Amino acid sequence: MFSELLRRLTAPEPKTLPEVDSRLALGALLVRIARTDGDYAASEIAQIDQALMKRNGMSAAEAAALRAECEALEAEAPDTVRFTRAIKDTVSYEDRMGVIEALWSVVLADGVRDDEEDSMMRLTASLLGVTDQDSHRARLRVAAG
2 MFSELLRRLT APEPKTLPEV DSRLALGALL VRIARTDGDY AASEIAQIDQ ALMKRNGMSA
62 AEAAALRAEC EALEAEAPDT VRFTRAIKDT VSYEDRMGVI EALWSVVLAD GVRDDEEDSM
122 MRLTASLLGV TDQDSHRARL RVAAG
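If you're matching positions, the sequence shown starts at 2 in the numbering used here and goes up one per residue.
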């Protein structure tokens, strides 16, 4: 299953991802940002589950099961550059802003922003085609909410 998704994500001209695949892609990106600082904290895991529940209308158990799949996918996923490029090419800008907000919610979940996470957020936002200004506004919205 993961190899087929990875093949589609890295295809030269990715087509719009089916809903199930887009859930896995988003979840894997959330896991990747949470693991960036080397501390995959319980608060970040809980925030990933919350983001998956909110974006996909899932129960807590469904979100936890999806997160487990996403953890496995993230471990196998190609580099972030190809992964985010595929998402950028298949997801509207408005939906990518939602992805950025979800990513910031994970970064801020443990109450600590470190250089690795900030760097990964700048890279990820850029690769998703989201401006620094829009990413900054997304972070402020998440921090205020």
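Where a beta carbon is used, it is the ideal one built from N, C-alpha and C, also for glycine. Treat the numbers as computed from the prediction; the structure is a model and nothing was measured.
Query, Result
"Sequence ranges, alpha helix (DSSP H) only - wholly within the region 67-103, length at least 4", "81-91"
"Cβ pair aspartate 50, alanine 64 closer than 8 Å", "yes"
"Through-space distance from isoleucine 46 to alanine 61, alpha-carbon basis", "12 Å"
"Pairwise C-alpha distance: glutamate 77 and arginine 138", "31 Å"
"Three-way DSSP call (helix, strand, coil) for threonine 132 in this model", "coil"
"Distance between glutamate 75 and serine 136 (C-alpha atoms, nearest Å)", "22 Å"
"Arginine 114 (DSSP reduced to helix, strand or coil)", "coil"
"Which listed residue (Ala66, Asp96, Gly112 and Ile88) has its alpha carbon closest to that of alanine 42", "Gly112"
"Exposure label - threonine 125; buried when at least 16 CB within 10 Å", "buried"
"Proximity below 8 Å, CB of alanine 144 to CB of leucine 109", "yes"
"Buried versus exposed, by CB contacts within 10 Å (16 or more), alanine 52", "buried"
"Extent of the continuous alpha helix (DSSP H) run through serine 60", "Segment: none, serine 60 is in no alpha helix (DSSP H) and carries neither H nor E."
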